[in-house]
Every structure is written in structure tokens, then in C-alpha cells.
Amino acid sequence: MPGNSVDEKDSSGMQTPNPSQHPPEEDAQVTAVVDCSTMRLGDRMACAWMAQQRHRATGERFALIDRHPVLARDFPLSRYFSETFVDWSEARIAAAGLPAWDMGNLWLTVSNAFAANPQAGNFETLPATITAQARELAASTPAGKPRILIHVLDDAPYNMARRWRRKDADALCDELRRLGGHVVLLNPSSAQFIGGFERMLAEMLAADLFIGGDTGPSHAFALLCADKPQVAVYPSMLKDQRKFATEQARLGLALPWDSLPKRPALRVITMKRRLALIWHERQLLLRRAGLFNGRDVARQAMAELAAHTKG
Numbered sequence: 034m035p036g037n038s039v040d041e042k043d044s045s046g047m048q049t050p051n052p053s054q055h056p057p058e059e060d061a062q063v064t065a066v067v068d069c070s071t072m073r074l075g076d077r078m079a080c081a082w083m084a085q086q087r088h089r090a091t092g093e094r095f096a097l098i099d100r101h102p103v104l105a106r107d108f109p110l111s112r113y114f115s116e117t118f119v120d121w122s123e124a125r126i127a128a129a130g131l132p133a134w135d136m137g138n139l140w141l142t143v144s145n146a147f148a149a150n151p152q153a154g155n156f157e158t159l160p161a162t163i164t165a166q167a168r169e170l171a172a173s174t175p176a177g178k179p180r181i182l183i184h185v186l187d188d189a190p191y192n193m194a195r196r197w198r199r200k201d202a203d204a205l206c207d208e209l210r211r212l213g214g215h216v217v218l219l220n221p222s223s224a225q226f227i228g229g230f231e232r233m234l235a236e237m238l239a240a241d242l243f244i245g246g247d248t249g250p251s252h253a254f255a256l257l258c259a260d261k262p263q264v265a266v267y268p269s270m271l272k273d274q275r276k277f278a279t280e281q282a283r284l285g286l287a288l289p290w291d292s293l294p295k296r297p298a299l300r301v302i303t304m305k306r307r308l309a310l311i312w313h314e315r316q317l318l319l320r321r322a323g324l325f326n327g328r329d330v331a332r333q334a335m336a337e338l339a340a341h342t343k344g
């Protein structure tokens with residue numbers, strides 16, 4: 034894919050692991066184990082960014098414990114970050130006596146690490162099926178129209194403030210089309226993706242611009258396509274920053290918590306918080322929710338695309 038640098042191949046407290054019966058040069062590289070069993074997609078991308086930076090700096094690699102009921106099978110980190118993570122069984126991890134890498138509060142740790150070294154991450158390996166899909170999708174885009182991929186975040190049950198209203202998303206899409214964009218939605222219906230994770234990655238590779246909220250696909254795009262423009266429509270993070278201020282002080286970190294995608298050149302649009310009626314599990318609830326002006330976001334997104342194209 035043009036513009037894709039991915040190779041088409043089918044604070045840590047770490048300690049030196051105990052030797053094992055496996056090849057010494059391989060064991061020497063694998064210095065710790067990361068348990069990502071409870072990590073959602075966005076957390077996994079933050080973890081991958083952090084581990085990749087250590088790998089780049091020191092050559093260290095990491096084993097994984099992953100018992101997530103879905104992502105362990107459908108989105109294993111070792112599939113896409115095979116230089117940073119090794120695909121070891123739990124028995125082999127136990128035999129190697131690997132210490133756990135405790136990152137503390139993941140987003141506090143990663144946010145401060147990124148501020149100190151604002152370097153883009155990248156996917157290290159991709160199945161050829163994904164890049165082939167991406168080429169087909171890009172070829173299907175009408176000539177002269179930028180392909181704009183959007184993830185509509187209207188299905189966030191555990192954080193109402195970060196949700197999008199569909200009416201705001203609809204206004205965003207309508208304005209993007211009026212401005213000449215070819216709009217593709219990752220989730221045309223709430224909580225219903227147009228395909229699995231491989232299709233999601235192919236759509237990202239085919240896109241010219243990505244717009245998303247505080248959710249996993251935004252973080253995946255930031256690592257997969259850091260060379261393309263990205264717009265993040267986020268809630269204010271002041272409440273969370275106050276919540277984690279004590280932990281931030283305890284960890285001795287200079288900068289407050291944030292959950293933004295870890296990539297340079299990210300355009301962030303902060304939603305306004307207001308009382309709004311929100312559908313949740315077939316109930317209409319009055320909650321403080323995020324609102325944004327779809328037309329304004331569309332104009333900012335197209336300006337970001339134009340600036341990137343000109344650059």
C-alpha cells in the first residue's frame with residue numbers, strides 16, 4: 034500500500050530473568066512478561082507502543098499472558114508486533130521464570146513516556162490478506178474523493194461522557210460528503226462493525242483520513258497509520274486527571290493522565306459536556322454527555338487533510 038511502512042511479512046522495574054533450557058540468545062532478549070488479559074484494544078495499543086519503544090532502545094522483547102475471551106484469539110499482539118513480543122506458551126513463560134512488567138497506571142505511564150519521546154509507533158507485521166484487502170478498498174474509492182474512515186462512538190456503556198450522539202455523527206458525515214469526501218463508517222449501526230479486526234485494519238490502510246473518539250480503533254490507527262492525518266473527537270479529561278492526581282504524584286510523574294492516541298500530529302477536538310437524552314440498553318436516560326458540532330469537525334478534518342497533502 035502506498036504510504037504504508039508496514040513490512041508485509043506472513044519507569045518499568047524489570048529484573049534479569051532466570052535462565053531456562055531454551056536457547057540462551059533468545060532468552061536473553063525476552064526480559065519480562067506482560068499480562069494483557071484484561072486490556073481492551075486501546076489499552077493494548079498503549080501497551081504495544083510502550084513495549085516497542087523499549088525494544089527499539091534496548092533490543093528487549095516481551096512474552097505475553099493473554100486470556101481475553103475475544104482478543105486473545107482475534108487480535109493477539111504477537112501477530113502484529115512480532116519483533117517486540119514473542120509467541121510463547123504460558124508453560125514456557127513459567128519455565129523461563131520471567132518477572133512481570135508492571136507499568137503502573139498504564140495511561141499515566143504511557144502519557145509521560147510519550148511526552149518525553151513523542152515518537153510514532155508502528156505495526157511490525159501484517160498478514161498479506163490485510164494489505165490485499167486494503168488495495169481493493171482503495172481502488173474502489175471514487176476518483177478524486179479522499180477516503181475518510183469514521184468510527185462512531187455511540188456504544189460506550191461505561192463512560193457516557195465520551196459517547197457521540199448519532200445526530201452529531203450524521204451531521205459530520207453529511208458535511209464531509211458535501212465537502213467532497215468519500216465517507217466510510219466502521220460501524221454503520223451501533224456496536225455493529227462492518228467486518229472483523231482484519232477488515233478494520235484494511236479499512237485503515239485504505240483510508241486517507243481517520244476520525245474517531247476515545248476508543249480502540251483510534252489507538253490502532255495511531256500505530257498502524259501514523260503517516261496519515263487523524264482527528265480525535267474526545268471528551269474533556271479534567272475529571273479523570275483529578276481522579277488520578279494522587280496516583281500521579283505517588284508515581285512521581287510530571288504530566289497528568291490522558292488517553293489520547295500516542296502519535297505526533299494528532300488534531301484533538303474536545304467535546305462539550307451537557308445534559309442530554311441518551312439511549313442505553315433500550316432506555317432513554319438523562320446524562321451528561323459529549324456533544325460536538327458535526328459541521329465544524331468536518332471542516333477541521335478537511336483542513337487537516339489538506340495540510341497533510343500539501344506537506
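My numbering applies: residue 34 is where the sequence shown begins, and numbers increase by one. Where is the CB? At the ideal position from N, CA and C, for every residue including glycine. Because the structure is a prediction, the values reported are computed rather than measured.
(1) Any idea if Gln85 is buried or exposed, counting beta-carbon neighbours within 10 angstroms, 16 or more meaning buried?
(2) If you drop the 5 nearest sequence neighbours on each side, which residues of the same chain put their C-beta closer than 6 Å to that of Arg100?
(3) Sorted by chain position, which residues of the same chain lie with C-beta nearer than 6 Å to Ile227's C-beta, five sequence neighbours on each side aside?
(4) What's the C-alpha gap between Ala96 and Pro175?
(5) Mapping the DSSP letters down to three states, classify His215 as helix, strand or coil.
(6) Quick check: what's the CA-CA separation for Leu286 versus Thr142?
(7) In the DSSP assignment, find the unbroken alpha helix (DSSP H) run with Ala194 in it and report its ends.
(8) Please go through the same chain and pick out, in chain order, the residues whose beta-carbon is closer than 6 Å to the beta-carbon of Glu370, but skip the five residues on each side of it.
(9) Terminal residues of the continuous alpha helix (DSSP H) containing Asp76?
(10) Using three-state DSSP, classify Asp201 as helix, strand or coil.
(11) Expressed to the nearest angstrom, what Euclidean distance is found between the alpha-carbon atoms of Glu231 and Ile163?
(12) At what residues does the alpha helix (DSSP H) containing Ile227 begin and finish?
(13) Mind checking whether Ala202 and Val217 have CB atoms under 8 Å apart?
According to the structure data:
(1) Within the sequence shown, numbered from 1, the residue matching residue 85 stands at position 52. That one is buried.
(2) As a position in the sequence shown, residue 100 is number 67, starting the count at 1. Taken in chain order, the residues that qualify are Ser70.
(3) Along the sequence shown, read from residue 1 onward, the residue named residue 227 stands at position 194. Cβ within range, chain order: n/a, list empty.
(4) Residue mapping note: residue 96 aligns to position 63 of the sequence shown, counting from 1. Residue mapping note: residue 175 aligns to position 142 of the sequence shown, counting from 1. Taking the straight line joining both Cα atoms gives about 44 Å.
(5) Here residue 215 refers to the residue found at position 182 of the sequence shown. Note: His215 maps to strand in three-state DSSP.
(6) For this step, residue 286 is matched to residue 253 along the sequence shown. For this step, residue 142 is matched to residue 109 along the sequence shown. If you take the alpha carbons of Leu286 and Thr142, they lie about 8 Å apart.
(7) Here residue 194 corresponds to residue number 161 of the sequence shown, with the count starting at 1. No alpha helix (DSSP H) holds Ala194; DSSP gives it neither H nor E.
(8) Since the first residue of the chain shown is 34 and the last is 344, residue 370 is not available in this structure.
(9) In the sequence shown, the residue the question calls residue 76 occupies position 43. Per DSSP, Asp76 belongs to the alpha helix (DSSP H) from Leu74 to Thr91.
(10) If you number the sequence shown from 1, residue 201 lands on position 168. Asp201 falls in the helix class under three-state DSSP.
(11) In the sequence shown, the residue the question calls residue 231 occupies position 198. In the sequence shown, the residue the question calls residue 163 occupies position 130. Roughly 6 Å between the two C-alpha positions.
(12) For the purposes of this step, residue 227 is taken as residue 194 along the sequence shown, with counting starting at 1. Here Ile227 belongs to no alpha helix (DSSP H), and DSSP marks it neither H nor E.
(13) Your numbering for residue 202 matches position 169 in the sequence shown. Your numbering for residue 217 matches position 184 in the sequence shown. It is not a contact, given that the beta carbons lie outside the stated cut-off.
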